[in-house]
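Add 38 to a position in the sequence shown, counting from 1, and you land on the number used in our numbering.
Below: one structure, written as structure tokens.
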Amino acid sequence: MVVLPAGIAVALLITGLVASRWLKRSADNGSNPVTSTFAAYRLDHPDRRFVLPVELTEVSGLTDLPENRVACVQDEDGAIFIFHLSEGRIERRIPFGDPGDYEGLTAHSGIFHVLRSDGVLFEVRDDGRTVSEHPLDLPTRDNEGLAFDARRNRLLVAPKSRPGKGKEFRATRVVFAVDPATRIRSAEPVMEIDLNDVAAFADAHGIDVPQKKGKKAKKQKRRTLLRFLPSSLSVNPVTDEVFILSAIDRVLLSFDQDGRVTGYAALSPRLFPQPEGITFTASGDMLIASEAAGREPVLLLFKRQSDAM
39 MVVLPAGIAV
49 ALLITGLVAS
59 RWLKRSADNG
69 SNPVTSTFAA
79 YRLDHPDRRF
89 VLPVELTEVS
99 GLTDLPENRV
109 ACVQDEDGAI
119 FIFHLSEGRI
129 ERRIPFGDPG
139 DYEGLTAHSG
149 IFHVLRSDGV
159 LFEVRDDGRT
169 VSEHPLDLPT
179 RDNEGLAFDA
189 RRNRLLVAPK
199 SRPGKGKEFR
209 ATRVVFAVDP
219 ATRIRSAEPV
229 MEIDLNDVAA
239 FADAHGIDVP
249 QKKGKKAKKQ
259 KRRTLLRFLP
269 SSLSVNPVTD
279 EVFILSAIDR
289 VLLSFDQDGR
299 VTGYAALSPR
309 LFPQPEGITF
319 TASGDMLIAS
329 EAAGREPVLL
339 LFKRQSDAM
């Protein structure tokens with residue numbers, strides 16, 4: 039039997055305990071940092087950067103389209119802008135309504151869905167001739183995130199606000215589903231996100247999340263300063279995870295379909311002045327649009343790195 043010097047033995051013991059606790063916390067959070075979907079994207083190195091025209095200074099919603107195009111809305115103009123990625127220009131403008139606070143955008147089967155912050159859903163045909171409005175009767179305000187979940191044939195809506203009043207809702211964020219055929223929303227959220235779980239995930243992976251120490255020194259309670267107010271969401275077609283942006287925190291989170299955290303990324307203020315829109319191409323490439331925020335509006339493309347997983 040080999041007898042190790044006392045100092046080395048203690049060091050190995052401590053290392054083993056730390057690794058064991060770290061692995062346990064990772065397992066408890068249903069995550070694996072090696073296979074995390076964020077490993078497939080070089081978030082500090084976009085593959086392409088587009089400066090958006092002045093009409094999209096306050097770009098909000100974003101969705102992918104066929105033939106190397108995306109569509110955008112901005113939060114003051116009742117119009118959809120078709121942006122050609124190869125040519126780097128607005129190809130077409132589809133007016134659909136009066137000026138308003140338009141925030142979310144998605145598309146499927148030749149129909150654009152636009153979400154106004156008060157929870158009214160607009161349906162716009164590609165030719166712009168048919169427009170219908172549908173109040174979703176959401177129990178929340180500042181509704182900004184809108185995405186189409188193709189595998190389940192449903193729209194997803196992510197409000198900025200809490201689902202209720204009181205301290206018990208302080209750390210809760212929700213996602214509702216809407217049937218695109220009937221425009222009826224789910225009675226209950228299809229995803230419920232606990233910010234304490236987000237903080238625990240970040241802690242388990244060595245990610246710094248700002249925290250505030252409680253007033254009572256004896257308890258030394260801490261709560262996260264992460265506000266996580268969803269500004270946009272999209273379903274990754276390769277992994278089936280739901281990616282949600284929070285512009286105010288400048289963070290990007292990913293979740294499985296049950297609302298468990300699978301990824302956390304703090305976004306660079308240099309690259310993302312104010313990230314307001316996210317979408318994916320069919321192959322899993324990711325695009326994020328940022329408002330100008332005193333600079334210039336940009337659209338960043340991140341190609342999926344298939345060898346990173």
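Using N, Cα and C, we set each Cβ at its ideal position, and we do this for glycine too.
| Asked | Found |
| --- | --- |
| Go through its chain and collect everything with a Cβ distance to PRO173's Cβ below 7 Å, but skip five positions before and after it. | GLY157, VAL158 |
| Counting C-beta neighbours from all protein chains within 10 Å, is the total for ALA255 16 or more, i.e. buried, or is it exposed? | Here ALA255 scores only 43 on pLDDT, less than 50, and its place in the model is too uncertain to base an answer on. |
| Count the other CB atoms within 10 Å of the CB of GLU141; is the residue buried (16 or more) or exposed (fewer)? | buried |
| If you follow the alpha helix (DSSP H) that ASN234 is part of, which residue opens it and which one closes it? | 233–242 |
| Does the beta-carbon of SER270, which I'm using as the reference point, lie nearer than 7 Å to any heavy atom of the ligand ZN? | Among the components of this structure there are no ligands whatsoever, and the ligand ZN is therefore not found. |
| How should ALA285 be labelled, buried or exposed, when 16 other C-beta atoms within 10 angstroms of its C-beta is the threshold for buried? | buried |
| Would you please state the rounded distance, in angstroms, between the beta carbons of LEU305 and VAL289? I believe it to be under 8 Å. | 6 Å |
| Taking only three categories from DSSP, how would you classify VAL363? | This structure does not reach residue 363, given that the chain is present from 39 up to 347, and the question cannot be answered. |
| Within a Cβ cutoff of 6 Å, which residues of the same chain sit near ASP136, ignoring the five residues on either side of it in sequence? | GLY116 |
| Would you decide whether ILE222 is buried or exposed? Buried here means 16 or more other CB atoms lie within 10 Å of its CB. | exposed |
| For the beta strand (DSSP E) that contains VAL276, what are its first and last residues? | Where VAL276 is concerned, there is no enclosing beta strand (DSSP E), given that its DSSP letter is neither H nor E. |
| Leaving out five residues on either side along the sequence, give the residues of the same chain with a beta carbon under 6 Å from the beta carbon of VAL212. | PRO201, PRO227, GLU230 |
| Using three-state DSSP, classify PHE310 as helix, strand or coil. | coil |
| Indicate the three-state DSSP secondary structure (helix, strand or coil) for VAL72 in the structure shown. | Annotation note: pLDDT 32 at VAL72 (below 50); position unreliable, coordinate value reported separately. It is coil, neither helix nor strand. |
| Comparing alpha-carbon positions, which option in GLU279, ILE132, ARG86 lies nearest GLU125? | ARG86 |
| How about ASN274 and GLY315: are their beta carbons less than 8 Å apart? | no |
| DSSP has ALA209 in a bridge; who is on the other side? | Its beta-bridge partners do not exist; DSSP assigns none. |
| Going by beta carbon distance, what residues of the same chain come within less than 7 Å of THR178, once the five residues before and after it are set aside? | PRO197, SER199, PRO201 |
| Within this structure, are the beta carbons of LEU339 and ALA327 separated by less than 8 Å? | no |
| For PHE310, which residues of its own chain have a beta-carbon under 7 Å away from its beta-carbon, when the five flanking residues on both sides are left out? | ARG288, ILE326, SER328 |
| Using the beta-carbon count (16 or more within 10 Å), is PHE186 buried or exposed? | buried |
| Thinking C-beta only, is ALA145 closer than 8 Å to THR101? | yes |
| Checking the sheet assignment: what are the DSSP bridge partners for LEU338? | ARG87, ILE326 |
| Could you check what DSSP says for SER269 in three-state terms: helix, strand or coil? | strand |
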